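A short worksheet on the structure shown next.
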Amino acid sequence: MMFRLVLLSVCVAFCGACSCAPSYFPDALCRPRILFRGAAIAEGTEGKEPEQPTNPNMMIIRYYTRVFTVRVDQAFRMPASLRNNQTITIKTSSSGSMCGTGFTLNEDTLFAAYMRQSGEVRTNMCSPNTRWNYLSARSQQLLESNDFPQYCANLDTNKGNGFLMPEVRPVLATQP
Ligand SMILES: *[C@@H]1O[C@H](CO)[C@@H](O)[C@H](O)[C@H]1NC(C)=O
């Protein structure tokens, strides 16, 4: 466990890049266990504080966890344990190469996340987080209709893993 933590927090020279399987919208919306419209209202960090390397040639990057407090405006898919939450804490890696992502505060956003066994809610670049406005009218209407659960239930599960560009531009993540 300690070893893994060290690997995660110290990345030397080649960290690898985050790669996601692109998905079709709106089918991609059927994957996350947590899906809701809302807005990030605060951002903090957890773990190692962000640091500038003292020597820029050192290529050592210290990762930490970005912690977003997110207001829930409209829930589309929510585990029972979060159904009464007006805010949800969502965590993601500070590192884009580890598929970390980010949110602009106070912006109308579709949040897509999952829950770890510990109850921690996480998201990453491969989750279909997006500004609400970037969703097509079709996706917006599907989410807000009563048909969404049935649409997802009818999905051919292989289709959701298709390799097509999503209809949306990614959330403009502010990488530190
Ligand atoms: C859900 O709300 C409860 C009660 O306010 C809070 O303690 C908990 O941290 C919230 N869960 C998440 C994942 O934010």
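Taken in order, the sequence shown gives residues -17 to -1, 1 to 159; the numbers are from mature numbering (1 follows the signal peptide of the UniProt record, and there is no 0).
Cβ coordinates follow ideal geometry from the N, Cα and C atoms, glycine included.
From a predicted model like this one, the values you see are computed outputs, not experimental measurements.
Of the listed residues 70, 94, 19, 49, nearest to residue 59 (C-alpha basis) | Position 76 of the sequence shown, counting from 1, holds the residue named residue 59. With distances taken between Cα atoms, residue 59 lies closest to 19.
Residue 25 beta carbon less than 9 Å from that of residue 92 | Along the sequence shown, one-based indexing puts residue 92 at 109. Along the sequence shown, one-based indexing puts residue 25 at 42. Cβ distance not < 9 Å, so residue 92 and residue 25 don't count as in contact.
If you check the beta carbons only, do residue 119 and residue 8 fall under 9 Å apart?
-> Your numbering for residue 119 matches position 136 in the sequence shown. Your numbering for residue 8 matches position 25 in the sequence shown. In contact: residue 119 and residue 8 (Cβ atoms closer than 9 Å).
Taking DSSP as the reference, what is the three-state secondary structure of residue 69?
-> The count along the sequence shown starts at 1 and reaches residue 69 at position 86. DSSP places residue 69 in coil when its eight states are reduced to three.
Does ligand 1 have even one heavy atom less than 8 Å from the beta-carbon of residue 24?
-> Locating residue 24 in the sequence shown gives position 41, counting from the first residue. The answer is no for residue 24.
How would you label residue 160, buried or exposed, when you count the other beta carbons within 10 angstroms and need 16 or more for buried?
-> Examination of residue 160 is not possible in this model, given that the chain is present from -17 through 159 alone.
Any non-hydrogen atom of ligand 1 within 8 Å of residue 126 CB = For the purposes of this step, residue 126 is taken as the residue at position 143 of the sequence shown. Residue 126: no, Cβ never under 8 Å from ligand 1.
Can you give, in chain order, each stretch of the beta strand (DSSP E) that sits fully within the stretch 79 to 118 and has at least 3 residues?
-> 92 to 98
Mind checking whether residue 84 and residue 112 have CB atoms under 9 Å apart?
-> The residue labelled residue 84 in the question sits at position 101 within the sequence shown. The residue labelled residue 112 in the question sits at position 129 within the sequence shown. Against a cut-off of 9 Å, the Cβ pair of residue 112 and residue 84 comes out as a contact.
Return the CA-CA distance between residue 73 and residue 2, expressed in angstroms with no decimal places.
-> Counted from its first residue, the sequence shown places residue 73 at position 90. Counted from its first residue, the sequence shown places residue 2 at position 19. For residue 73 and residue 2, the distance between alpha carbons rounds to 21 Å.
C-alpha gap between residue -1 and residue 12, whole angstroms = One-based indexing of the sequence shown puts residue -1 at position 17. One-based indexing of the sequence shown puts residue 12 at position 29. Going by the C-alpha atoms only, they are around 24 Å apart.
Residues surrounding ligand 1 [beta-carbon distance to nearest heavy atom under 5 Å] | 68, 71, 72, 104
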